[in-house]
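Written out below as C-alpha cells is the structure these notes cover.
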Amino acid sequence: MSIPVFAARHVYAAVDPSDAVEAVREAFVAHARGEWLMPSKVYVPVPPDGDFRAMPARGGGYSVLKWVTSFPRNPERGLPTVSGIVLLSDSADGRLLAELDAGALTALRTGAAAVLAAETLGMVDGPAAVVGCGVNGRAVARTFWARGREVLLWDADAERAAQAAEELGARAAGSREEALAADVVATVTPGSYLARLKIAPGVAIDADRDFLETEGEAARRIVAPEREIAESAPVPTISPKELRQMLDRGDPVTVLDVRNRQAYTDAGASIPGSVRIAPHEIPVRYQEIPRDRLAVAYCT
Ligand SMILES: NC(=O)c1ccc[n+]([C@@H]2O[C@H](COP(=O)([O-])OP(=O)(O)OC[C@H]3O[C@@H](n4cnc5c(N)ncnc54)[C@H](O)[C@@H]3O)[C@@H](O)[C@H]2O)c1
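Under my numbering, the sequence shown has 86 at position 102, and the numbering climbs by one with no breaks.
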C-alpha cells in the first residue's frame, strides 16, 4: 500500500493564505459545535533545546496526528524551529491515508488563526504589525497581506525584518515602538515577549497560545479595554409581540435563534426563517449576520 506524501511545496500550492483563513474559521466553528474531538496535546520536553508536541484530533471522517517540534535555536544551525509531520487516517477503518509536512501546515494555520482573531475582534482596518519575522511570523504577515492589510514588520534581527519585507512587498518598521503602535500586533517569537513590554490600551494582541496559558492575566488585560466597550453598550430589547408584528409587516429583520442545543431540542420548534447560531459560535460566525438590517436574538 503506498501512502501519498505532501511536502511543504505541495501544501503551500494547495492552500493560499486567504483560503486558510476560511478553512480555519470552519474548523473553529466545527470544533465549537462539538463535531471534532481534540484531546490535549502532549509535550515531550528536550531541555534546554526545545520540545516535541503530539497533537491528535478526530472529525469529518478523519483522525489526525501532528508531531511537531519547537527548537528555537535551530535557525542558528540552518534548521527550522518548527518541523515534523501530520498523519491523516481514515476514522472508519484506521487506514493511513496521507502524510503532510507539518511545518507548512503549521505556518498556514498560524497565519490564518492570527488574522481570524483580529478580524473577529472587528479589527479589519489600519496597519497590522508582526513582531518576529521567522517562518511563522512571515506566514502571519503574508495572511494579513492577502486580506488587504498594510503590514509592518519588526524583528530583533533587523536583517530578517528587511528580508521579510522585501519578500512580501511589505515595510519593515523603523523601530519596535512604531510596530507596537499599529492597530493590531501579532507576536510570533519564542518565549514570553509581551511580559517585557508596555502595551497601549486598546491595542489587540495576538500572542502565542503557550504564552496565553502562562501569562493569561496579562494577556486578558490587554484585550479588556475593547471588550468592555462592546459589553457595556446597551442592547435594546423588544417583546415577542413586537417581533411578530415586524415579521407580519415584512420588515427587514434577521431573527437569530441563540438557544443552546438542549433548549432547541426540548422546544422542538423555532421561528420560521430564523438563523440558528449558539452564543459561543457568534465570535466565529458573526459574518453570517447581515449588517444592513436589524438582528433580533431570542432564547428560552
Ligand atoms: N502556538 C502556535 O500556534 C504556534 C505556531 C507556530 C509557531 N509557534 C511558535 O512561535 C515561535 C516562532 O516560530 P517560527 O517558526 O517563526 O520561528 P523562527 O525561529 O523561524 O523565527 C523566530 C523569529 O523571532 C525573532 N525574535 C526572537 N526574539 C525576538 C524578540 N524579542 N523581538 C523580536 N523578534 C524576536 C527571531 O529573530 C526570529 O526571526 C516558536 O516559538 C514556535 O514554537 C507557535
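Ideal Cβ positions, reconstructed from N, Cα and C, are used throughout, including at glycine. Predicted, not measured: the structure shown is a model, and the values here were computed from it.
Under a Cβ-count criterion, where at least 16 other Cβ atoms within 10 Å of its own Cβ denotes burial, should ALA157 be classed as buried or exposed? It is buried - the Cβ of ALA157 has at least 16 other Cβ atoms within 10 Å.
Using alpha carbons as the reference points, say which of GLY43, ALA7 and PRO32 lies closest to PRO23. PRO23 has its Cα closest to that of GLY43, out of GLY43, ALA7 and PRO32.
Closest residue to GLY45 among LEU21, ALA142 and LEU152 (Cα-Cα distance): Residue LEU21 is the option with its Cα nearest to GLY45.
Cβ of ALA165 within 8 angstroms of any heavy atom in ligand 3? Absence of ligand 3 from the depicted structure is noted, with ligand 1 being the only ligands included.
Along the chain, where does the alpha helix (DSSP H) that runs through ASP232 open and close? 224 to 233 is the span of the alpha helix (DSSP H), which, as asked, contains ASP232.
Sequence-distant residues of its chain with Cβ nearer than 6 angstroms to MET(-15) (five each side left out): For MET(-15), where only same-chain residues beyond five positions count, there are no Cβ hits under 6 angstroms.
Hey, how far is the Cα of ALA101 from the Cα of LEU164? Their backbone Cα atoms lie some 17 angstroms apart in a straight line.
Following the continuous beta strand (DSSP E) through GLY68, name the residue where it begins and the one where it ends. Start and end: 68 to 74.
Taking 9 angstroms as the threshold (C-beta atoms), are VAL48 and PHE36 in contact? Contact: no.
Since I believe VAL239 is in contact with GLY257 (beta carbons under 8 angstroms), could you give me their beta-carbon distance rounded to a whole number of angstroms? Correct: roughly 6 angstroms between the Cβ atoms.
Less than 9 angstroms between the C-beta atoms of LEU152 and TRP129, yes or no? For the pair LEU152 and TRP129, the CB atoms are nearer than the 9 angstroms cut-off.
Hey, PRO34 and PHE55: beta-carbon distance below 9 angstroms or not? The residue you asked about is not Pro; residue 34 is Gly in the sequence shown. Yes. Within cutoff.
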